[in-house]
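Asks: Under full-length UniProt numbering, read the sequence shown as residues 1 to 753, first letter to last.
Just so you know, even glycine gets a beta-carbon here, dropped at the ideal spot from N, CA and C.
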Amino acid sequence: MYHYLKDKFLEDEYIISDEMKDASIFGIGNGYFGIRGSFEEFGDVFVQGTYVRGVFDKIVEIPETVSDNSYMKKFYFDEQKLKEFEYEDSCINIGDITAFRIYIGGKPFRMWDCKLKSFRRYLDFNNGGLSREIVVEDEQGNATSLTFHRVCSFACDHLFLQSLTIKKLNHDLPIFVESGIDLLCKTNGQHKIGGACFSTLDGKKCIRVKYGDKYRMKGLYLYKNEAQGFASAEGRGGCYGSFESFKLIGREGQMRKAVAFYANIDGRNIQRSAAKALRPVWSSLYESHLRAYRKAFKKVDVKVYGNDVLDTLLRYANYQTLIGFNRHDHVHSLSAKNLTAEKYNQFVWWDCEIYQMPFFLLTYPKECKNLLLYRYNRLKASEENAKAAGYKGAKYAFCSSVNGDEQVWIYAKHPFLQIHINGDVAYAVLNYYYHTLDRDFLLECGFPMIEEIIEYFISRSTFDGTYYRLKCVTGTDEHHDYVDDDAYTNVTLGFVLKEFIRLKGELGYRLAKLSEEELTDFASRLYQPEFVDGILPQFDGYLNLSKELIVEGKSDKKASSFQMKQSGLYHLSQVIKQPDVLLLYSYLNLGFEKNYRQNYEYYLARCEASSSLTYCVHALSAIDNGDLKVFEDNLNASLRIDIDDVQGNAGQGVHAGSLASGFFLFVRGILGAKAGEGFLEISPKLVYLLSRFKLTFVYHGAPISVDYRGKRIILSSKSPFRYRLNGSETGEATRLALNYDKQIHIYKKEETI
Numbered sequence: 001m002y003h004y005l006k007d008k009f010l011e012d013e014y015i016i017s018d019e020m021k022d023a024s025i026f027g028i029g030n031g032y033f034g035i036r037g038s039f040e041e042f043g044d045v046f047v048q049g050t051y052v053r054g055v056f057d058k059i060v061e062i063p064e065t066v067s068d069n070s071y072m073k074k075f076y077f078d079e080q081k082l083k084e085f086e087y088e089d090s091c092i093n094i095g096d097i098t099a100f101r102i103y104i105g106g107k108p109f110r111m112w113d114c115k116l117k118s119f120r121r122y123l124d125f126n127n128g129g130l131s132r133e134i135v136v137e138d139e140q141g142n143a144t145s146l147t148f149h150r151v152c153s154f155a156c157d158h159l160f161l162q163s164l165t166i167k168k169l170n171h172d173l174p175i176f177v178e179s180g181i182d183l184l185c186k187t188n189g190q191h192k193i194g195g196a197c198f199s200t201l202d203g204k205k206c207i208r209v210k211y212g213d214k215y216r217m218k219g220l221y222l223y224k225n226e227a228q229g230f231a232s233a234e235g236r237g238g239c240y241g242s243f244e245s246f247k248l249i250g251r252e253g254q255m256r257k258a259v260a261f262y263a264n265i266d267g268r269n270i271q272r273s274a275a276k277a278l279r280p281v282w283s284s285l286y287e288s289h290l291r292a293y294r295k296a297f298k299k300v301d302v303k304v305y306g307n308d309v310l311d312t313l314l315r316y317a318n319y320q321t322l323i324g325f326n327r328h329d330h331v332h333s334l335s336a337k338n339l340t341a342e343k344y345n346q347f348v349w350w351d352c353e354i355y356q357m358p359f360f361l362l363t364y365p366k367e368c369k370n371l372l373l374y375r376y377n378r379l380k381a382s383e384e385n386a387k388a389a390g391y392k393g394a395k396y397a398f399c400s401s402v403n404g405d406e407q408v409w410i411y412a413k414h415p416f417l418q419i420h421i422n423g424d425v426a427y428a429v430l431n432y433y434y435h436t437l438d439r440d441f442l443l444e445c446g447f448p449m450i451e452e453i454i455e456y457f458i459s460r461s462t463f464d465g466t467y468y469r470l471k472c473v474t475g476t477d478e479h480h481d482y483v484d485d486d487a488y489t490n491v492t493l494g495f496v497l498k499e500f501i502r503l504k505g506e507l508g509y510r511l512a513k514l515s516e517e518e519l520t521d522f523a524s525r526l527y528q529p530e531f532v533d534g535i536l537p538q539f540d541g542y543l544n545l546s547k548e549l550i551v552e553g554k555s556d557k558k559a560s561s562f563q564m565k566q567s568g569l570y571h572l573s574q575v576i577k578q579p580d581v582l583l584l585y586s587y588l589n590l591g592f593e594k595n596y597r598q599n600y601e602y603y604l605a606r607c608e609a610s611s612s613l614t615y616c617v618h619a620l621s622a623i624d625n626g627d628l629k630v631f632e633d634n635l636n637a638s639l640r641i642d643i644d645d646v647q648g649n650a651g652q653g654v655h656a657g658s659l660a661s662g663f664f665l666f667v668r669g670i671l672g673a674k675a676g677e678g679f680l681e682i683s684p685k686l687v688y689l690l691s692r693f694k695l696t697f698v699y700h701g702a703p704i705s706v707d708y709r710g711k712r713i714i715l716s717s718k719s720p721f722r723y724r725l726n727g728s729e730t731g732e733a734t735r736l737a738l739n740y741d742k743q744i745h746i747y748k749k750e751e752t753i
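1. Mind listing, in chain order, the continuous alpha helix (DSSP H) runs of no fewer than 4 residues lying wholly within the segment 680-745?
2. Taking Cβ to Cβ, would you say residue 162 is nearer than 8 Å to residue 220?
3. Taking DSSP as the reference, what is the three-state secondary structure of residue 638?
4. Might you give, ordered along the chain, the residues of its own chain that have their beta carbon closer than 7 Å to the beta carbon of residue 637, omitting 5 neighbours on each side?
5. Assign residue 481 to one of three DSSP states: helix, strand, or coil.
6. What did DSSP end up calling residue 88 once you bin it into helix, strand or coil?
7. From this set, 206, 332, 42 and 229, which residue's C-alpha is nearest residue 33's C-alpha?
8. So, is residue 640 buried or exposed, given that buried needs 16 or more other C-beta atoms within 10 angstroms?
9. Among residues of its own chain, excluding the 5 on either side of residue 316, which ones have a beta-carbon nearer than 6 Å to its beta-carbon?
10. Which residues in the same chain have their Cβ closer than 7 Å to the Cβ of residue 310, if we skip the five residues on either side of it in sequence?
11. Roughly how many angstroms lie between the CA atoms of residue 487 and residue 326, to the nearest whole one?
12. Mind pulling the alpha helix (DSSP H) runs of 4 or more residues that sit fully within the segment 73-137?
13. Where does residue 57 sit, in a helix, a strand or coil, going by DSSP?
14. Return the residue from the list 465, 737 and 99 that minimises the CA-CA distance to residue 712.
15. State buried or exposed for residue 242, treating a residue as buried only when at least 16 other CB atoms are found within 10 Å of its CB.
16. Go ahead and label residue 586 buried or exposed: buried means 16 or more other beta carbons lie within 10 angstroms of its beta carbon, across all protein chains shown.
17. Can you give me the start and stop residues for the beta strand (DSSP E) that residue 258 sits inside?
18. Is it the case that the segment 56-63 contacts the segment 160-176, given that we only count it when at least three CB pairs across the two stretches are under 8 Å?
19. Per DSSP, what kind of secondary structure is residue 504 in: helix, strand or coil?
20. Report the residue from 671, 699, 41 and 201 whose alpha carbon sits nearest the alpha carbon of residue 103.
21. Taking the straight line between their C-alpha atoms, what separation do you get for residue 560 and residue 549?
22. Three-state secondary structure (DSSP) at residue 461?
23. Taking only runs of the alpha helix (DSSP H) that begin and end inside the segment 405-470, which ones reach a length of at least 4 residues, in chain order?
24. Can you tell me whether DSSP reads residue 33 as helix, strand or coil?
25. Hey, quick one: how far does the alpha helix (DSSP H) through residue 289 stretch, first residue to last?
26. Rounded to whole angstroms, what is the Cα-Cα separation between residue 659 and residue 123?
27. Taking the beta strand (DSSP E) that residue 230 belongs to, which residues open and close that run?
28. Given this structure, state the Cα-to-Cα distance separating residue 172 from residue 256, to the nearest angstrom.
29. Roughly how many whole angstroms lie between the Cα atoms of residue 240 and residue 94?
30. So who's on the other strand from residue 563, going by DSSP bridges?
31. If residue 409 sits next to residue 63, beta carbons under 8 Å apart, how far is it from one beta carbon to the other, in whole angstroms?
32. Between residue 47 and residue 23, which are expected to be in contact by the criterion C-beta below 8 Å, what is the C-beta distance as a whole number of angstroms?
33. Within a Cβ cutoff of 6 Å, which residues of the same chain sit near residue 526, ignoring the five residues on either side of it in sequence?
34. Relative to the C-alpha of residue 400, which residue among 390, 422 and 391 is closest?
35. My understanding is that residue 420 touches residue 478, with C-beta atoms under 8 Å, so please give their C-beta distance in whole angstroms.
36. What separation, rounded to the nearest whole angstrom, lies between the Cα atoms of residue 186 and residue 146?
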């Protein structure tokens, strides 16, 4: 059972069948490391996992596909490509660096092989670590207390720290501990760690390995143990890895282990860096972590009053989002599972720019530039992607790993048509600018990216004599493939074109690839969908489809395997996988408001929510339209997505885009704050699911503190910020107090009431 404590997310019951799910939701990290919440005494295959941002190689991947109806056969899978497919890029499980192999009375300790007298496992938001406190008893009644603790350092990205405290409660059985690194671990069921070389460096145990031949990535592990109440002992051997053995010499002792890991992609002199990182004593390393972590977590923390469960859920979601973000470089970017598992191979998807990046624009805007630099550094690869497809400009990979070339599974048809990824990247550049006013980045990197993206869309479009149309595409709703003029794709691109033309003129950017005539002609003639009886069609012909879904087939694995809730003929139906049109109104700040309520109700009724990215969009659309019950339900679904296993696949890793929504839904949803180039738009909503919340977000480089007390809100900053309240009243302030006017149901400046 899970418990939502003030500073902890806690589990007090061990359920074997939940090990995979719990390994995901109890994962820890620091943006460089991601470590699943497997047990230190033994890391089961598919439960254990340690990942490092950007460490990839080639694996053999066996797809488990089921085409049980004509829709799947025609639109979803390419059966010939299924025959050809074998290899795919993937993140690599670098081994079990958490390993404490424990022997009590000569018997290997396994939690499932003894009587559990007590069990507590928890993520602690005060220290950023995972702890496990257990008391176990053998068949003879001999009881032992074990307390485990682990953190990924926020002071040095490359450090992992852990401790183990053992106490004999009523016996004098011998206890041995082997502390080190287990390399007998698998990635997608395969051994990818090879060529191990064991040595010492700076007086500490050292391992050098390689992970494959495609990218020739290598890793260096350096570790040390500090033992209190233990004596060195002879090792048991028989493992692939490196361990130091110890025997408990009294009734109680503590092991402290520190591991430094560097990959060859981390620069030169990694041996020197690893040795330097481990020189301080464990306690000093841990204190440095605490200071750095608490400073980092403070930026994303939200304190909720009057709803203890929501308080913990939100802090949990913010913690999981923070630990997936590498703040210090742009070797890699955000992935759909963060660094919590191998599902989706830790590729970078459009989730990054649309669902995850808004969190960091509000909390870490300067570091957020790294996400865009990752894309900029793959601009040349994107040009090659476009060229290979027969087009000009830059076509960003729908699934991106190391180099930026397309990594979509070749047998899946629709991702190759999801060209909205290019509009997403371009929009993210603009969104970053609205939040930061970083003109240098816009001129040097952002505009060149946008220009080449536009060049791609021009060459990809079809001119019908009146409009440029984008035919044979797939929007965000993957249930409908091979459609023409998807609303999300076209409207987002139209916004990008308008803003690019405006900003390049204001900032003096000169086109490098396009002519002014090409640009203005395409911008003025790009087809924009028109409302039909108040409804914006998701794509050309969408409103002619049936509102019902014909079911043909009987596979019971669809929801977990292919994110379909039924074996339906979706191409004949208006039933959608996830929001498309509603994204334009909500998550994207396009100024898109016409017929919002009508479209919200229409598309909410047609979405089967078979994507985890549904709930946050529905939550935001709901609060925008005053539908507080739907807002609360979908906010909870977003935050509980993995804890409650809403989608049935939490064991495959956390749903990072969904978890990243919590902070955004408070700032953009409840507070109604949108970052504009000239103003911070504010349009607060009165909610009743809490009595108060406090948070801080950043706008144009200035932290703004928010104290929301229901009918009274105070925003304060050390620097003046310009604002526009409720779409009309403008001003500049360092302190803005708002009170709720129950007569007209809006918030007004304090002095006007």
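Replies: In this structure, then:
1. none
2. no
3. helix
4. 615 and 646
5. coil
6. strand
7. 332
8. buried
9. 9
10. 304, 689 and 690
11. 33 Å
12. 79-84
13. strand
14. 737
15. buried
16. buried
17. 252-263
18. no
19. helix
20. 41
21. Bear in mind that a pLDDT of 39 at residue 560, under 50, signals an unreliable position, so the number given afterwards is only what the model happens to contain. Residue 560 and residue 549: Cα-Cα distance of roughly 19 Å.
22. coil
23. 420-436 and 447-460
24. strand
25. 282-298
26. 16 Å
27. 230-232
28. 23 Å
29. 13 Å
30. BP columns for residue 563 are empty, so no partner.
31. 7 Å
32. 5 Å
33. 468 and 494
34. 422
35. Actually they do not touch by this definition, with Cβ atoms about 11 Å apart.
36. 27 Å
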